[in-house]
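Each remark here refers to the structure printed beneath this line.
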Amino acid sequence: MDSINYVARLNEYAQKERLELRYEEVGCVGPDHIRTFTLKAVVNGKPYPEGVGKNKKEAKQSAAKYALTCLLDETSVSTGSVAEVSSPQVQVKTNYMCWLNEYGQSNRLMIRAVEKITPGPNNLSQYCRFVVGDKEFPAAFGKTKKEAREEAARLVHHEILGNETLDVRTVKCFISYNILSFSNRAKRLSLQSEDSILTETNFVGLVNSYCQKTRSTCAFVEENRSGPSHNPIFSYKLLINKVQYSVGEGKSVKDAKQNAARLALSALKERSDWDSKVPILKDSGHTKSGLVISATSESIVFMDPSNPPKDQVCYLFLLLLFFLCRTCCNGFSRFETDYKSIQQLDKGAFGRVFKAKHKLEGKYYAVKIVRYKEKTLEEVKVLSELNHCNIVRYHSCWLEDTAYSWDTSTDSSSASQSSIDLSMKYLYIQMELCEIKTLRIWIDEKNIQNPKKSLRDSRRRDESVDIMVQMVSGVKHIHSNMLIHRDLKPANIMFSRNGTVKIGDFGLVTSEIEDDAENQKERRGYKGTPPYMAPEQKERRLYDRKVDIFALGLIFFELLWNIPTIHEKEKMWTDVRNQKLPQPFLYHFSQESQMIKSMLCGKPEERPEASKIKTDLEQHKHLLAELKTKQLHCRTVI
């Protein structure tokens, strides 16, 4: 235990700075013979990091030490007056543990330390890593538990704020540390302003004025006197025309009479003839600082707004400072700092997607911006785990306080609206950039052709089978990771710049865990795009990865068959979903028809696995290539 009495030093500091200090017991754990106590210091309503000890005294010393260190960190830039309070042992430097606790409190995140003794680098054995919310941060080692914790907290600090400039970090920390104290200060000043207004108003003078105008008699009568001699409490009531009004109390006779007069005036205001008997109180000369009592409410208003009380000026200044700092922080955007040549690609209920060039790398990426929720992280987690040539590649993600403002006449209103909500956070997802052309556009372009000409065009068949092979390859990888896409459709299939098929939009992805009740509930949800949903998906029955196979069967049919209009598609779509394919399709695409029918089976267990479909498609692709070679050879011979 340190020899410094931090409790005494914190008390001295609080008295010097006129701060309100108290200690709160957090709890105690462990058996009776070796209990551990936890306390925290609360200064001006702002809680500081918890202190732990073998008894309450040690825990209080530890809590006082943390609070004093944080207070010195906060004030070291603006004042040097705390030098006489601090000692040589209390050094003014960044306390990462203090910062981490403040970060958790301000963002309402649970912070958990994972500690153990294990061999580490440089013969360090104390291991520590932090879990903040649901996110795990890098581990650190130290000679002692304290050193390991401090180093682990530093790594959290670096990972969360490492990409921001020092100025932005300083401003954000300022807001994080002081937002609670600003709020408490604002409330306190508001109450103090009301008290000062009541103190400055001469209610006795107003009563006298009222009695003169109405020719009434008034008298103050002492009701009671209580309390010790050094702190007495006086009670007075006011009689007007022998009518008694409520008793007023105060620490002096003057205060008690003022309060009695105030209560009497409040009662008189309820009378219907109040306005006629007291037409203009503000002219009576008994009000100070340009204040009057409203005749229709309990409020007191300024008659001279140019000269408000000092406390109100201070209160408004604090609010202005807070919003200026908040605006300053929001002005620094990693997206705008790291990227240039930003163009909007798509927008919808999910959010917005932008094409942007990374300044350092010189490469173009797709950056998806969505409102941050727990669910939105699922897509990021899934993308980060899936590494396959036929799946859109994930690169990184980060959080910002505002969404990027896209300045166009059509989009500016919605963009600015999202930026105004200061409590909302936005998730930025950096992904591989694909072509704007999706599989939906590819199919629509092919369907523009004459149907008969389309059947004679073998290129559509060859390209369709090749696209299907790549799609099934990506789905096979998804299923091998015990995941279900649940929203496979042509609009969610994209192409890279070299023409490779890419499966995207993992916003509805879910895991396939048989013994998890919550997961089974999720796998009964009506989620997806209805025209491509499997029967069990539509009927909210428990489903598995085979719902993706059903969607692939429908997409395969669309790839091969020319459907000129949406009306024609709607007419045949129910039959196709029930394995009733058009007769011309069965004639021209006999091999493909068998595969599609198997994928559209009503019973999920009868649908083939993605690995089996991939094998069959590759064999079929090989046979088509051989057939094409033979036909070309025959033409050459002839």
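Each residue of the sequence shown is one higher than the one before, starting from 1 at the first, in the UniProt record's numbering. Think of the CB as a built atom: it goes at the ideal place given N, C-alpha and C, for glycine as much as any other residue.
With distances taken from CA atoms, which of the options is nearest residue i?
i: residue 629; options: 462, 366, 584, 374; result: 462
i: residue 258; options: 222, 204, 234; result: 204
i: residue 556; options: 521, 539, 502, 617; result: 617
i: residue 143; options: 120, 359, 155; result: 120
i: residue 466; options: 511, 578, 253, 499; result: 499
i: residue 601; options: 553, 502, 223, 137; result: 553
i: residue 4; options: 68, 583, 538, 347; result: 68
i: residue 386; options: 337, 606, 502, 123; result: 502
i: residue 342; options: 361, 366, 558; result: 366
i: residue 150; options: 541, 129, 136; result: 129
i: residue 72; options: 236, 99, 226; result: 99
i: residue 484; options: 544, 504, 494; result: 544
i: residue 389; options: 473, 426, 344, 447; result: 473
i: residue 477; options: 405, 614, 216; result: 614
i: residue 115; options: 147, 269, 427, 607; result: 147
i: residue 579; options: 599, 626, 542; result: 599
i: residue 117; options: 145, 581, 561; result: 145
i: residue 442; options: 491, 394, 571, 14; result: 491
i: residue 347; options: 368, 132, 356, 359; result: 368
i: residue 134; options: 584, 590, 113; result: 113
i: residue 394; options: 526, 505, 45, 264; result: 505
i: residue 218; options: 481, 225, 264; result: 264
i: residue 430; options: 357, 449, 438; result: 357
i: residue 345; options: 458, 438, 266, 604; result: 438
i: residue 336; options: 352, 359, 351; result: 359
i: residue 125; options: 141, 524, 131, 634; result: 141
i: residue 52; options: 29, 70, 137, 45; result: 29
Are residue i and residue j close, meaning C-beta to C-beta below 8 Å?
i: residue 20; j: residue 43; result: yes
i: residue 444; j: residue 488; result: no
i: residue 36; j: residue 26; result: no
i: residue 621; j: residue 469; result: yes
i: residue 392; j: residue 509; result: no
i: residue 101; j: residue 49; result: yes
i: residue 434; j: residue 495; result: yes
i: residue 426; j: residue 371; result: yes
i: residue 65; j: residue 6; result: yes
i: residue 447; j: residue 530; result: no
i: residue 41; j: residue 23; result: yes
i: residue 720; j: residue 153; result: The first residue shown for the chain is 1 and the last is 638, placing residue 720 beyond what the model contains.
i: residue 536; j: residue 604; result: yes
i: residue 581; j: residue 590; result: no
i: residue 538; j: residue 607; result: no
i: residue 247; j: residue 223; result: yes
From which residue to which residue does the alpha helix (DSSP H) around residue i run?
i: residue 16; result: 6-16
i: residue 557; result: 546-560
i: residue 38; result: First-last for residue 38: 36-43, but that is the beta strand (DSSP E), not the alpha helix (DSSP H).
i: residue 50; result: Taken as a continuous stretch (DSSP letters only), residue 50 belongs to no alpha helix (DSSP H), being part of the beta strand (DSSP E) at 46-53.
i: residue 211; result: 203-214
i: residue 261; result: 253-268
i: residue 585; result: 583-588
i: residue 440; result: 439-447
i: residue 569; result: 566-577
i: residue 151; result: 145-161
i: residue 538; result: 535-538
Tell me residue i's beta-bridge partners as DSSP assigns them.
i: residue 396; result: 430
i: residue 21; result: 43
i: residue 244; result: 239
i: residue 510; result: 484
i: residue 339; result: 358
i: residue 382; result: Paired residues: none, contrary to the question.
i: residue 135; result: 132
Counting along the chain, where does the beta strand (DSSP E) carrying residue i start and finish?
i: residue 140; result: 140-142
i: residue 371; result: 364-371
i: residue 237; result: 233-240
i: residue 494; result: 493-495
i: residue 131; result: 126-132
i: residue 503; result: 501-503
i: residue 563; result: That residue, residue 563, is in no beta strand (DSSP E); it is neither H nor E in DSSP.
i: residue 225; result: 218-226
i: residue 116; result: 111-117
Measuring only from the beta carbon, is residue i closer than 7 Å to any heavy atom that is part of the ligand NAP?
i: residue 21; result: The ligand NAP is not part of the structure shown, which contains no ligands of any sort.
* Assess, as a yes-or-no matter, whether the region 206-226 is touched by the region 234-249 under the definition of 3 or more beta carbon pairs within less than 8 Å. => yes
* Stretch-stretch touch, CB-based, cutoff 8 Å, three pairs: the region 398-407 with the region 374-386 -> no
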